[in-house]
Amino acid sequence: MPKAMDPSKRFRAVLKCDESKEPRPTFLYPFLTGRQQMAMMEIYEQIDDSAGQLQNMKRAFELAGMFLLGWENQFHPETGQPARFDRTRPAAEQLAEICDVTEAMELAQRVMYGQTLDLLDKKKFDSPSDSATAESAPTAPA
Numbered sequence: 035m036p037k038a039m040d041p042s043k044r045f046r047a048v049l050k051c052d053e054s055k056e057p058r059p060t061f062l063y064p065f066l067t068g069r070q071q072m073a074m075m076e077i078y079e080q081i082d083d084s085a086g087q088l089q090n091m092k093r094a095f096e097l098a099g100m101f102l103l104g105w106e107n108q109f110h111p112e113t114g115q116p117a118r119f120d121r122t123r124p125a126a127e128q129l130a131e132i133c134d135v136t137e138a139m140e141l142a143q144r145v146m147y148g149q150t151l152d153l154l155d156k157k158k159f160d161s162p163s164d165s166a167t168a169e170s171a172p173t174a175p176a
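Note that the sequence shown covers residues 35 to 176 in this note's numbering.
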């Protein structure tokens with residue numbers, strides 16, 4: 035069964051700034067289908083210099099919040115109390131309350147690219163193995 039079809043599977047995204055923390059603040063996403071990944075890419079490609087900065091910021095939070103299911107170990111910056119994810123409110127709005135725009139973009143990129151085979155990784159799979167191989171055949175006489 036594809037991972038995206040299994041509702042019990044979750045993609046866990048941790049920001050680089052939080053990787054050494056225990057417990058790790060974690061964002062929970064489903065494993066995405068190709069269609070969902072393409073929907074994210076459509077918004078991602080709209081973030082560019084031709085749009086205004088405010089519009090780009092809104093798109094970053096929209097992108098990071100698109101499929102967000104919840105989070106763990108997040109604390110409200112003003113009170114220090116656990117920040118609860120509210121499924122009745124837009125995820126982008128909630129992310130804007132606990133993340134900055136660069137963190138939102140990092141999350142979006144981790145979700146989009148963390149679930150796909152990057153072209154560089156694909157090259158690694160296509161490359162010959164680094165393991166020892168048999169000796170080469172002797173050079174043919176000229």
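Quick reminder that beta carbons are idealized off the backbone N, C-alpha and C, glycines included. All of these numbers come straight from a predicted model, not from anything done at the bench.
Range of the contiguous beta strand (DSSP E) that encloses residue i
i    : result
E96  : Run containing E96: none in the beta strand (DSSP E); it sits in the alpha helix (DSSP H), 87–99.
E106 : 104–106
Simplified DSSP assignment, three categories, for residue i
i    : result
D155 : Summary for D155: the model assigns pLDDT 49, below 50, so the residue's position carries little reliability; its value from the coordinates is reported in the next sentence. Helix at D155.
L62  : strand
R46  : strand
P57  : coil
CB contact flag (residue i, residue j, <8 Å)
i    : j    : result
F61  : A47  : yes
K55  : E140 : no
A142 : M74  : yes
P64  : R44  : yes
A98  : I81  : no
Q70  : F101 : yes
Residue closest to residue i, alpha-carbon to alpha-carbon, out of the options
i    : options              : result
K92  : Q149, F65, Q71, P124 : P124
Y78  : E96, P41, D134       : E96
N107 : A117, G99, E53, M100 : A117
G104 : E127, D40, A94       : E127
I132 : Q115, G68, S42       : Q115
N90  : R44, Y147, V135      : V135
P41  : P111, Q80, L66, Q87  : L66
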